[in-house]
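What follows is a single structure, written as structure tokens, with notes after it.
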Amino acid sequence: MIRTAQFTISSTDVLRSPQTSLPEYAFIGRSNVGKSSLINRLTHQPKLAKTSQKPGKTLLINHFTVNAGAADAWALVDLPGYGFAQAGKAQREALKKMIERYCLLRDQLCSLFVLVDARLPLQAIDRDFMNWLGENSIPFALVFTKADKLGKERLAANIEAYKQQLAEFWEELPPTFITSAETGLGCDELTKYIEKINEGIG
Ligand SMILES: Nc1nc2c(ncn2[C@@H]2O[C@H](COP(=O)(O)OP(=O)(O)O)[C@@H](O)[C@H]2O)c(=O)[nH]1
Ligand SMILES: [Mg+2]
227 MIRTAQFTIS STDVLRSPQT SLPEYAFIGR SNVGKSSLIN RLTHQPKLAK
277 TSQKPGKTLL INHFTVNAGA ADAWALVDLP GYGFAQAGKA QREALKKMIE
327 RYCLLRDQLC SLFVLVDARL PLQAIDRDFM NWLGENSIPF ALVFTKADKL
377 GKERLAANIE AYKQQLAEFW EELPPTFITS AETGLGCDEL TKYIEKINEG
427 IG
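Per my numbering, residue 227 is the first one in the sequence shown, and the count goes up by one each step.
Rendered as structure tokens:
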């Protein structure tokens, strides 16, 4: 159960991230895929993470604490979106470095959630990033977003096609979740997944 959630701090580098031992989960994906919206829906706080219709707004590592002070507390992170085309090359490179350093050096990171738009086929940038995670043994789950924008059959067909694309170069698929920040679809499953990992650690 997510009872409370609060903003902790923003940081520009993993070494400036809060020094806590809470199990941590981070949301990542392309700009505008719905990272902040899903965090808000999960935590039942519509204004916790800043959302925007304009992509490329989050340039910091934003830290949140769930159930602060309780035995079942954990940390949630909203990472900057990758591959924002309109950002300059230097900014894209800096963000890439920030993201990679966080993934590689954040010891308490239990799992990343890689968010992808349920309406789109596998995008090269997501494929490359997930391959990079695999090569570096960084655990992650795949989260399809904006499921409400598709009809039931279309959604099922898209997800199936997406998984088949992944299966072309992976032997094993990561855990997957189908979500909507609009309707709350998949949020209970995501929360339960996190709690199960936390129980395994605690
Ligand atoms: N219909 C629908 N729109 C969504 C959903 N999630 C996000 N959006 C919209 O997509 C845009 C980008 O969302 P945001 O959470 O800021 O994306 P971020 O850049 O990945 O953090 C906003 O206009 C949101 O309202 C969803 O599940 N359903
Ligand atoms: Mg955002």
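Each residue gets a CB set at the ideal place from its N, CA and C atoms; glycine is no exception.
In this structure, how does DSSP classify residue i when only helix, strand and coil are distinguished?
{"i": "Arg380", "result": "helix"}
{"i": "Ala313", "result": "coil"}
{"i": "Gly255", "result": "strand"}
{"i": "Ser337", "result": "strand"}
{"i": "Asp298", "result": "coil"}
{"i": "Ala393", "result": "helix"}
{"i": "Ala320", "result": "helix"}
Could you tell me the distance, in whole angstroms, from the CA atom of residue i to the CA atom of residue j?
{"i": "Lys418", "j": "Arg345", "result": "25 Å"}
{"i": "Arg294", "j": "Leu248", "result": "As written in the sequence, residue 294 is Ala, which differs from the Arg given in the question. Distance between the alpha carbons of Ala294 and Leu248: 10 Å."}
{"i": "Lys322", "j": "Asp414", "result": "30 Å"}
Could you name the residues that DSSP lists as bridge partners for residue i?
{"i": "Asn288", "result": "Ser236 and Asp304"}
{"i": "Asp343", "result": "Thr371"}
{"i": "Ile404", "result": "Phe370"}
{"i": "Ala231", "result": "Val292"}
Can you check which of these residues, the options, is closest to residue i by C-alpha distance?
{"i": "Ile404", "options": "Gln391, Thr277 and Asn384", "result": "Asn384"}
{"i": "Glu425", "options": "Leu399, Leu376, Asp298 and Ala387", "result": "Asp298"}
{"i": "Lys258", "options": "Phe310, Glu386, Gln334 and Leu376", "result": "It is worth fixing the name first, because residue 258 is Asn in this sequence and not Lys. The residue with the shortest Cα to Cα distance from Asn258 is Phe310."}
{"i": "Leu285", "options": "Arg256, Ser406 and Ala350", "result": "Arg256"}
{"i": "Leu335", "options": "Pro306, Phe253, Ser236 and Ile235", "result": "Phe253"}
{"i": "Phe370", "options": "Ser263, Ile427, Thr234 and Lys422", "result": "Ser263"}
{"i": "Gly408", "options": "Leu359, Leu376 and Asp304", "result": "Reading the sequence as shown, one finds Glu at residue 408 and not Gly. Residue Leu376 is the option with its Cα nearest to Glu408."}
{"i": "Ile325", "options": "Asn288, Leu274 and Gly410", "result": "Asn288"}
Within the present structure, is the beta-carbon of residue i separated from the nearest heavy atom of ligand 2 by less than 8 Å?
{"i": "Thr405", "result": "no"}
{"i": "Ala275", "result": "yes"}
Residue i: beta carbon under 8 Å from a heavy atom of ligand 1?
{"i": "Glu408", "result": "yes"}
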